[in-house]
């Protein structure tokens, strides 16, 4: 008897099982994010006293070496990739890695860098002043507008949300920001955004990359084209083709970056894009590139059910881990790496800010477990909604957390208790920002740079 078996590519199925990250991997990413925060804080402080991109590159690498020395030889610590340190017009080159320029006073520098700990990387980008401790007023509207775009995208990251939907929002919001800043490529003197800054130019010139990419043990990961491992769909011949996830919707357990950017070419380079007659605000004539990037883990839907709505049909995907379990492990790692300082000794700025304001809301006598949840939630609120809203929510958050039922730590025997996995309504978001504690608000960046 002869049997004819199809030969299938293995890579699609390998990616398939890597799409949903287990809670243990989430803990590892939070560890590398803590190390990355440590390195960024040191770089930000160094940026006040130099205009050299090379010096900042070395400052980041030196911080990585310091973290490695403290961790010991048994822990592998290194840069996750070659850092991008680009100021002025060089900031408009997305993958600029020469890092050999000298900034002009008042410029900003775009730093795309991350730390890898025991094979688990972080991918983060921050834009900050160089050569001084404050943003030039002419750059503040662009930076604040970009930060608001990033926060809108972060709040959209959730199970069942189409990636194409977020992509459209990203481009539309970037177009609106450019128009509000006075960019007019056709000098039409019209209120039409499409005539002022056409969408095709937004994609090809002002932000020639997507809002983000899948992320995990590799910096850039792929969405599998194979069938879903937990989908309750009957297996039959050709199922790998028929069940291809055409919607490319986010699902619980996936990791993705959120990294909008705005890149305005110099007047000299504008001709490369056919923009010889375009109007740019004077502050941008020399060219400027800004980007803000965070790493995100998408949480499963409440009720432990993650729904991926496809264009043709609805496919219900069941994960082995619930939303509450992911939050438990995030809290376990947050206490270990942000309170114990295993990955670095530089105090976390947002943890310090949270602690400083807790007393102002009359929240005395908190247990270590409640304080850990509050710190974690505060950092997430700052990343998603900004510092003022996070501070305004402190009192209500303390009350909500204190009402939770706490259970033993699922990851570390010596760790504080965490809220029961069955109830996660104390956490208002559909994702966890892994790099939430790395400052991106202007106020917080300037606080670090003035220390």
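Numbering (full-length UniProt numbering), first residue to last: 1 to 451.
Glycine included, each C-beta is placed from N, C-alpha and C at the ideal position.
CA-to-CA distance, residue j to residue i, given in whole angstroms
i           : j           : result
residue 386 : residue 4   : 59 Å
residue 148 : residue 292 : 10 Å
residue 144 : residue 442 : 8 Å
residue 406 : residue 439 : 30 Å
residue 307 : residue 249 : Because the pLDDT of residue 307 is 48, which lies under 50, any placement of that residue in the model is unreliable, and the question is left without a value.
residue 231 : residue 94  : Confidence at residue 231 is low in this model, with a pLDDT of 41, below 50, so its placement is unreliable and no value can be given for it.
residue 426 : residue 331 : 13 Å
residue 233 : residue 401 : Summary for residue 233: the model assigns pLDDT 35, below 50, so the residue's position carries little reliability; its value from the coordinates is reported in the next sentence. For residue 233 and residue 401, the distance between alpha carbons rounds to 39 Å.
residue 381 : residue 347 : 19 Å
residue 287 : residue 136 : 14 Å
residue 361 : residue 370 : 15 Å
residue 89  : residue 289 : 7 Å
residue 216 : residue 376 : 21 Å
residue 243 : residue 167 : Because the pLDDT at residue 243 is just 33, under 50, the model does not fix this residue reliably, and the value given afterwards should be weighed accordingly. Their backbone Cα atoms lie some 23 Å apart in a straight line.
residue 329 : residue 196 : 48 Å
residue 71  : residue 62  : 14 Å
residue 125 : residue 218 : 17 Å
residue 437 : residue 447 : 14 Å
residue 374 : residue 398 : 7 Å
residue 372 : residue 10  : 42 Å
residue 410 : residue 41  : 30 Å
residue 433 : residue 368 : 22 Å
residue 15  : residue 25  : 15 Å
residue 161 : residue 429 : 14 Å
residue 27  : residue 424 : 18 Å
residue 8   : residue 187 : 55 Å
residue 464 : residue 128 : In the structure as shown, the chain begins at 1 and stops at 451. Residue 464 is therefore absent and cannot be evaluated.
residue 246 : residue 223 : Confidence at residue 246 is low in this model, with a pLDDT of 39, below 50, so the placement of that residue should be treated as unreliable; the coordinate-derived value is given next. When rounded, the distance between both Cα atoms is 11 Å.
residue 336 : residue 164 : 37 Å
residue 271 : residue 158 : 40 Å
residue 60  : residue 422 : 41 Å
residue 313 : residue 80  : Any reading at residue 313 is ruled out, since the residue's pLDDT is 42, under 50, leaving its predicted position unreliable.
residue 194 : residue 338 : 46 Å
residue 260 : residue 211 : 5 Å
residue 392 : residue 349 : 18 Å
residue 18  : residue 395 : 39 Å
residue 435 : residue 201 : 30 Å
For residue j and residue i, believed in contact at Cβ under 8 Å, the rounded distance
i           : j           : result
residue 384 : residue 20  : Contact flag wrong, Cβ pair sits at about 23 Å.
residue 99  : residue 108 : Their Cβ separation, rounded to whole angstroms, is 15 Å, which puts residue 99 and residue 108 out of contact at 8 Å.
residue 138 : residue 47  : Not a contact, Cβ separation roughly 18 Å.
residue 78  : residue 116 : 5 Å
residue 43  : residue 111 : 7 Å
residue 220 : residue 120 : 15 Å between Cβ atoms; not a contact.
residue 146 : residue 75  : Going by Cβ atoms, the distance from residue 146 to residue 75 rounds to 35 Å, so no, they are not a contact pair.
residue 213 : residue 257 : 6 Å
residue 39  : residue 64  : 6 Å
residue 23  : residue 325 : 6 Å
residue 252 : residue 204 : So it is not a contact: roughly 34 Å between Cβ atoms.
residue 56  : residue 131 : Not a contact, Cβ separation roughly 11 Å.
residue 83  : residue 113 : 4 Å
Bridge partners - residue i, DSSP secondary structure assignment
i           : result
residue 129 : 108
residue 407 : 418
residue 3   : BP columns for residue 3 are empty, so no partner.
residue 258 : 294
residue 267 : Paired residues: none, contrary to the question.
residue 124 : 113
residue 279 : 184
residue 214 : 256
Boundaries of the alpha helix (DSSP H) in which residue i is found, first to last residue
i           : result
residue 481 : The requested residue 481 is not part of the displayed model; the chain covers only 1 to 451.
residue 30  : 23 to 46
residue 145 : 140 to 156
residue 178 : 163 to 180
residue 357 : 349 to 358
residue 389 : 387 to 392
residue 68  : 53 to 71
residue 447 : 442 to 449
residue 196 : 193 to 196
N- and C-terminal bounds of the beta strand (DSSP E) containing residue i
i           : result
residue 86  : 84 to 87
residue 432 : 431 to 433
residue 116 : 115 to 117
residue 78  : 77 to 79
Contact with chain B by residue i, beta-carbon distance below 8 Å
i           : result
residue 425 : Here there is only one protein chain, and chain B is not present.
| message | Assess contact between the stretch 177 to 185 and the stretch 320 to 339, defined as three or more Cβ pairs (one per stretch) separated by less than 8 Å. Is contact present? | response | Contact between the stretch 177 to 185 and the stretch 320 to 339 is absent, because fewer than three Cβ pairs lie under 8 Å.
| said: Tell me whether the stretch 269 to 281 and the stretch 289 to 303 touch, counting them as touching only if at least three CB pairs, one residue from each stretch, are closer than 8 Å. | reply: no
| Stretch-stretch touch, CB-based, cutoff 8 Å, three pairs: the stretch 260 to 272 with the stretch 28 to 35 | no
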